[in-house]
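One structure is given here, and the rest of the page talks about it.
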Amino acid sequence: MRPPEVVPAWYMAAPSRALKPGRTLRFQLGDLPLVLFRGRNDHVVHALPAHCRHQGVDLAHGAVVGDCLRCPLHHWEYRDACVRIANAARVPAAFQRAHYKVMERYGMIFVHPGVEPTELPTFTPPDEELAFLSGAQVDLDCPWYVPLANAFDMTHLRTVHHRELLTAPEMTFPRPMTFVVRYATSVIGSSWHDRAMRALSSNHIEVMITCTASMLLVESSAGRTRSYLMVSLRPRPNGGVSILPLYAVPKRRSGLHHAHVRAARALFNAFLRRDVSPLSGIRFPEPYVDPHDATIDAAYRHLCRLPAYQSEE
Ligand code: FES
Ligand SMILES: [Fe+2]
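In the working numbering, the protein residues as written are 47 to 359.
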């Protein structure tokens with residue numbers, strides 16, 4: 047048993063600033079091709095199956111006319127679905143059905159396969175109290191669920207990340223698609239970022255990781271410093287994963303949060319970079335059961351129980 051390829055849940059697509067009014071953006075969720083566009087007047091983002099319902103033109107070649115996307119070949123027009131067929135009185139019901147939901151929050155565009163949206167993971171502080179910074183996408187040659195399960199691999203915290211558990215990991219399952227792990231660690235490494243974290247935290251780092259479908263939220267307290275990381279793991283066409291991070295820190299009146307969020311990005315990246323080479327090319331055995339680490343074992347079983355998105359195209 048393995049986790050499904052695409053889950054009916056939220057995925058981070060891109061920073062909002064990457065899609066200007068009147069522009070399109072091609073997007074891929076596993077083997078599902080999508081196109082996103084932003085209306086010229088209302089600035090609302092829509093997501094559609096990428097190929098025109100008529101003759102299958104890739105709608106990324108379309109033109110945004112007003113708040114609709116117009117296919118270049120015979121000028122069918124789309125919003126969440128087809129809304130107008132040139133020279134036809136009405137659009138057939140089958141073409142009027144939307145396939146995706148879109149939301150903008152934290153300065154990012156989120157896409158949800160299926161039109162019954164599930165809950166978007168949220169940071170503990172209210173949005174207006176946080177400063178956000180999007181990060182660069184990283185592509186890895188491994189299934190999407192491996193870096194996600196890795197976040198719950200308590201054994202590798204010591205061997206790869208040079209952190210020692212101070213408390214036993216505490217796991218809860220608050221909602222059907224969500225599980226949460228809390229623990230505290232000390233730093234046993236000696237690299238520049240290990241030393242920085244040791245100094246910042248008085249060598250006691252509290253971590254809470256929330257996994258909702260294929261999104262991870264990491265909230266960490268190191269002394270008086272709080273930092274936040276949201277990561278979306280998107281399956282790539284024909285295997286592999288695209289990892290898109292978003293960093294956040296509490297806003298400060300002094301404006302120092304601009305420097306702080308960059309420092310948080312540098313520290314999170316230095317921590318995560320250690321996973322890149324061990325996870326490249328990794329394939330979990332089938333079945334994968336881990337009798338040595340109850341946390342990753344429970345996390346993986348949870349991922350295997352996630353519902354699969356059934357595309358009805
Ligand atoms: S192929 Fe798009 S309108 Fe004909
Ligand atoms: Fe890791």
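Idealized CB from N, CA, C, for every residue including glycine.
Counted within 10 angstroms of its Cβ, other Cβ atoms place residue i as buried (16 or more) or exposed
{"i": "Met47", "result": "exposed"}
{"i": "Val111", "result": "exposed"}
{"i": "Ser180", "result": "buried"}
{"i": "Thr170", "result": "exposed"}
{"i": "Thr213", "result": "exposed"}
{"i": "Leu65", "result": "buried"}
{"i": "Gly160", "result": "buried"}
{"i": "Val192", "result": "buried"}
{"i": "Arg329", "result": "exposed"}
{"i": "Ala139", "result": "exposed"}
{"i": "Asn87", "result": "exposed"}
{"i": "Leu94", "result": "buried"}
{"i": "Ser300", "result": "exposed"}
{"i": "His120", "result": "exposed"}
{"i": "His306", "result": "buried"}
{"i": "Asp113", "result": "buried"}
{"i": "Ser323", "result": "exposed"}
{"i": "Trp238", "result": "exposed"}
{"i": "Pro167", "result": "buried"}
{"i": "Ala182", "result": "exposed"}
{"i": "Val157", "result": "buried"}
{"i": "Ala195", "result": "buried"}
{"i": "His348", "result": "buried"}
{"i": "Phe73", "result": "buried"}
{"i": "Leu115", "result": "buried"}
{"i": "Thr224", "result": "buried"}
{"i": "Phe219", "result": "exposed"}
{"i": "Arg209", "result": "buried"}
Per DSSP, the bridge partner or partners of residue i
{"i": "Arg311", "result": "Note: Arg311 sits in no beta bridge, so no partner."}
{"i": "Leu372", "result": "Nothing about residue 372 can be reported from this structure: the residues present for the chain run from 47 to 359 only."}
{"i": "Met149", "result": "Phe156"}
{"i": "Gln74", "result": "Pro79"}
{"i": "Cys350", "result": "Answer is none; Cys350 lacks a bridge partner."}
{"i": "Leu186", "result": "Val287"}
{"i": "Glu123", "result": "Arg116 and Arg130"}
{"i": "Arg84", "result": "Val91"}
{"i": "Asp104", "result": "His97"}
{"i": "Leu22", "result": "Any question about residue 22 goes unanswered here, given that the chain covers just 47 to 359."}
{"i": "Met58", "result": "Phe156"}
{"i": "Arg272", "result": "Ser267"}
{"i": "Ala109", "result": "Arg116"}
{"i": "Glu252", "result": "Ala230 and Ser267"}
Close Cβ partners of residue i (< 8 Å) along its chain, the five nearest in sequence each way excluded
{"i": "His97", "result": "Pro79, Val103, Asp104 and Leu105"}
{"i": "Ala230", "result": "Leu211, Leu212, Thr213, His250, Ile251, Glu252 and Val253"}
{"i": "Pro61", "result": "Gly153, Met154, Ile155 and Ser180"}
{"i": "Pro333", "result": "Met47"}
{"i": "Gly327", "result": "Asp187 and Cys188"}
{"i": "Ala312", "result": "His239"}
{"i": "Asp173", "result": "Arg151 and Tyr152"}
{"i": "Arg221", "result": "Glu165 and Thr258"}
{"i": "His303", "result": "Ala177, Val295, Pro296 and Lys297"}
Nearest-angstrom Cβ-Cβ length linking residue i and residue j, presumed shorter than 8 Å
{"i": "Leu352", "j": "Pro50", "result": "6 Å"}
{"i": "Ala268", "j": "Tyr293", "result": "The pair is not a contact, with the Cβ atoms about 14 Å apart (cut-off 8 Å)."}
{"i": "Ala59", "j": "Leu82", "result": "6 Å"}
{"i": "Val137", "j": "His92", "result": "Their Cβ separation, rounded to whole angstroms, is 15 Å, which puts Val137 and His92 out of contact at 8 Å."}
{"i": "Leu325", "j": "Leu186", "result": "6 Å"}
{"i": "Leu203", "j": "Lys297", "result": "Contact flag wrong, Cβ pair sits at about 30 Å."}
{"i": "Phe198", "j": "Val226", "result": "Not confirmed; about 10 Å, so no contact."}
{"i": "Cys188", "j": "Val287", "result": "6 Å"}
{"i": "Ala55", "j": "Ser278", "result": "Between Ser278 and Ala55 the Cβ distance is about 10 Å, and since that is not below 8 Å, they are no contact."}
Spatial neighbours of residue i in its chain, beta-carbon cut-off 6 Å, leaving aside the 5 residues before and after
{"i": "Asp77", "result": "Pro283"}
{"i": "Tyr274", "result": "Phe169, Glu265 and Ala294"}
{"i": "Met200", "result": "Pro215, Asp339 and Thr341"}
{"i": "Ala419", "result": "Here the chain covers residues 47 to 359 and nothing more, so residue 419 does not appear."}
{"i": "Met276", "result": "Leu263 and Leu292"}
{"i": "Asp126", "result": "His92 and Ala144"}
{"i": "Val184", "result": "Ile289"}
{"i": "Phe314", "result": "Leu275"}
{"i": "Arg99", "result": "Cys128 and Phe141"}
{"i": "Ile255", "result": "Ala197, Val227 and Val264"}
{"i": "Thr271", "result": "Leu246"}
Own chain residues within Cβ distance below 7 Å of residue i, not counting five before or after
{"i": "Arg244", "result": "Val233"}
{"i": "Leu75", "result": "Val52, Tyr57, Pro159, Arg280 and Pro281"}
{"i": "Arg320", "result": "Val206 and His207"}
{"i": "Pro67", "result": "Arg84, Gly85, Arg86 and His89"}
{"i": "Ser357", "result": "Leu78"}
CB contact below 8 Å: residue i versus chain D
{"i": "Leu166", "result": "Considering every chain present, this structure includes no chain D. It has just one protein chain."}
Identify every run of the alpha helix (DSSP H) within the stretch 202–232, keeping only runs that are complete inside it and at least 4 residues long; order them along the chain.
Runs found: 202–205.
Runs of 4 residues minimum, wholly inside the stretch 301–345: which ones carry the alpha helix (DSSP H) assignment?
With a minimum length of 4 residues, the continuous alpha helix (DSSP H) runs that stay inside the stretch 301–345 are 303–325.
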